[in-house]
Amino acid sequence: TFTDFPNLEHLDLRSNYLGDWLSQSPNEFQFGAAIRTIHLKNNDLDFDTQLAIETVRNFLYNLKRKPNFRSLFVDDIHFPEDMQYLVMERYLVLQEQQ
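Counting along the sequence shown from 1, when you hit position 76 you're at 76 in this note's numbering, and nothing is skipped either side.
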């Protein structure tokens with residue numbers, strides 16, 4: 001896990017096709033208190049499925065508990081209404097797909 005890197009502040013995992021791995025192994029995606037931003041754009045996250053949405057929801061819930069966490073960057077897709085506050089608070093940053 002990334003907890004082995006306690007000073008890690010920024011992680012850019014763009015275009016790594018992590019969609020299946022992230023959905024199947026969310027517990028592997030743990031971070032230390034220093035984490036600030038994570039980029040997951042272009043990772044084939046299938047947000048048309050409830051599993052993917054719940055994965056991101058739980059992932060963000062855990063990240064928000066980190067004292068320095070600021071933003072998770074993902075592709076601009078439709079999130080459920082109950083997650084829109086995360087966009088408004090900039091915890092979840094939606095970027096246009098390329």
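We put the CB at the ideal spot given by N, CA and C, even for glycine.
Can you give me the start and stop residues for the alpha helix (DSSP H) that residue i sits inside?
i, result
"residue 63", "50–64"
"residue 86", "84–88"
Determine the contact status of residue i and residue j, defining contact as a CB-CB distance below 7 Å.
i, j, result
"residue 35", "residue 66", "yes"
"residue 10", "residue 37", "yes"
"residue 19", "residue 43", "yes"
What's the gap between the Cα of residue i and the Cα of residue j?
i, j, result
"residue 58", "residue 76", "18 Å"
"residue 28", "residue 13", "14 Å"
"residue 56", "residue 7", "23 Å"
"residue 95", "residue 1", "26 Å"
"residue 15", "residue 21", "13 Å"
"residue 69", "residue 84", "18 Å"
"residue 103", "residue 45", "Residue 103 lies beyond the range of the chain shown here (1 to 98); nothing can be said about it."
Go to residue i, then tell me how far its beta strand (DSSP E) extends in each direction, as first and last residue.
i, result
"residue 45", "That residue, residue 45, is in no beta strand (DSSP E); it is neither H nor E in DSSP."
"residue 75", "71–75"
Extract the residue ranges of the beta strand (DSSP E) inside the region 9–38, only unbroken runs of 3 or more that lie entirely within it.
10–12
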